[in-house]
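Residue 41 is where the sequence shown starts when you use our numbering, and the numbers rise one by one after that. Just so you know, even glycine gets a beta-carbon here, dropped at the ideal spot from N, CA and C. Keep in mind that this is a model prediction, so the values were computed, not measured.
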Amino acid sequence: MARFTLPRDIYHGKGCLEELRNLKGKRAFVVVGGGSMKRQGFLQRVEDYLKEAGMEVELFEGVEPDPSVDTVMKGAERMRQFNPDWIVAMGGGSPIDAAKAMWAFYEYPDVTFEELCTPFSFPQLRQKAKFAAIPTTSGTATEVTAFSVITDYQTGVKYPLADFNITPDIALVDSELVEGLPPKQVAYTGMDALTHAIEAYVSTLNCPFTDALALKAIEMVFDYLQESYRGNMDARAQMHYAQCLAGMAFSNALLGIVHSMAHKTGAAFSTGHIPHGCANTIYLPYVIKYNAKDPIAAKRYAEIARFVGLEGLSEKALINGLCEKIESFNRKLQIPKTLQEFGVEEKEFNEKIGRIAELAVGDACTGSNPRAITPKEMEQLFICTYYGKEIDF
């Protein structure tokens, strides 16, 4: 038996933010990140709509990129003081991810972070509040997923939390909110969405429901991302929907070792934070070639290639064509090909990569990867992504 879970309601299209005025409740706790939504007037619009719905509103602002355990605990404490019956999270993946974790500590003050890190072990939520999510980037799709990523800055490790309990009740996918995104963010988040869809399609937990969503998302990313990057707002709207489809796919099929690797390297190196979408995009072609040595995975990668119109006389040719297409996108979107090109220093890489590889193998996403991997193989894979070497193992 398998399970397929989505938000109860997904509102989409330009202007759908106004659906907030129809929520039923007394108090709404709004979680946001930086100041862009405030500067563009969207935060005020959220407040106004919620007040039209008859709710008292409290803001929790300033959630940082890659939200921390400290931020989560501060937000949960504020929630316990305010006692909301709606949690409204607005932003990229970080504010929504943070709010999901806050939600658990709000309803269960005695639960520990370590307990929540065990996949699918959350206590039953919605005892005090429901959850509405408003994405302002087009990549993470956390508005429709059962996941949250929180960073422990004391150890430099990201912890992906996983439980169907934290799938939002409502998602408002309003393309107007992403019209002001800078090109680099469009590139990183768009390729993150592509990674989500490809990993969901080859995951060991794929099913007909997730396959359809994943393939459509892949097709849409290839059709619209470059035009979105160039500033075409119609294409940008389509990318906002594509990333949501990818999110629905991977929330149910789960992911693979591209994400395992990205989770453990985002905050690991002193030369600078590696944005999640950028890390995924660097690793994706290398992981495809590693996984394609598994015959079932190779078949499914070839199916992706055919679906997006690539030609080849063999599975290997189709898979190579898919990797070349991804690498072509990376070049056009100015995304590095290797960790070395990104700027990670060689000495630090060599010092840390053994431990990072062990952590990546232990990541929650590794379990649904189509090909098994050992810490030694993971270290080899990382070395290939650092120097740009071919995968021959």
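- Rounded to whole angstroms, what's the CA-CA distance from Ser215 to Glu391? Just pull it up for me. Rounded to whole angstroms, the gap between the alpha carbons of Ser215 and Glu391 is 43 Å.
- 8 Å CB neighbourhood of Arg61 in its chain, flanking five on each side removed: Excluding the 5 residues flanking it on each side, Arg61 has same chain C-beta neighbours closer than 8 Å at Tyr89, Leu90, Glu92 and Ala93, in chain order.
- Task: Starting from Ala240, follow the alpha helix (DSSP H) in both directions and report where the run begins and ends.
- Result: Taken as a continuous stretch (DSSP letters only), the alpha helix (DSSP H) holding Ala240 covers Pro223 to Val242.
- Query: Comparing alpha-carbon positions, which option in Phe145, Ile136, Thr180 and Gly428 lies nearest Asn123?
  - Reply: Looking from the CA of Asn123, the closest CA among Phe145, Ile136, Thr180 and Gly428 belongs to Phe145.
- Message: Can you look up Pro200 in the DSSP assignment and give me helix, strand or coil?
- Response: Reduced to three states, the DSSP call for Pro200 is strand.
- Message: So Tyr323 and Ala293 are supposed to be a Cβ contact under 8 Å. How far apart are they, rounded?
- Response: With 8 Å as the limit, Tyr323 and Ala293 do not qualify as a contact, their Cβ atoms being about 19 Å apart.
- Ordered list of alpha helix (DSSP H) runs contained in the region 297-384, each at least 4 residues: DSSP runs (the alpha helix (DSSP H)) wholly in the region 297-384: 297-305, 316-331, 335-347, 355-372 and 379-382.
- Message: To the nearest angstrom, how far is the alpha carbon of Ile297 from that of Glu96?
- Response: Each residue's Cα considered, the two are about 43 Å apart.
- Are the Cβ atoms of Pro159 and Val71 separated by less than 7 Å? Between Pro159 and Val71, the C-beta spacing is not below 7 Å.
- Select from Met113, Thr176 and Lys170 the residue whose C-alpha is nearest the C-alpha of Asp150. From the listed residues Met113, Thr176 and Lys170, the smallest Cα separation to Asp150 is found for Met113.
- Looking at C-alpha atoms only, which residue of Phe369, Ala332 and Glu381 is the closest neighbour of Ala357? With distances taken between Cα atoms, Ala357 lies closest to Ala332.
- Beta-carbon gap between Gly179 and Asp251 smaller than 7 Å: Contact: no.
- Query: Helix, strand or coil for Asp110 per DSSP?
  - Reply: Three-state result, Asp110: helix.
- Query: Using the C-alpha atoms, what's the distance from Asp432 back to Ile238?
  - Reply: Going from the Cα of Ile238 to the Cα of Asp432 covers about 21 Å.
- Message: Strictly by DSSP, which residues pair up with Arg67?
- Response: Looking at the DSSP output, Arg67 shares a beta bridge with Glu96.
- Query: Thinking just about the alpha-carbon of each residue, which of Leu63, Gly102 and Val327 is nearest to the one in Ser76?
  - Reply: It is Gly102.
- Taking DSSP as the reference, what is the three-state secondary structure of Pro175? In the structure shown, Pro175 sits in a strand (DSSP, three-state: E or B).
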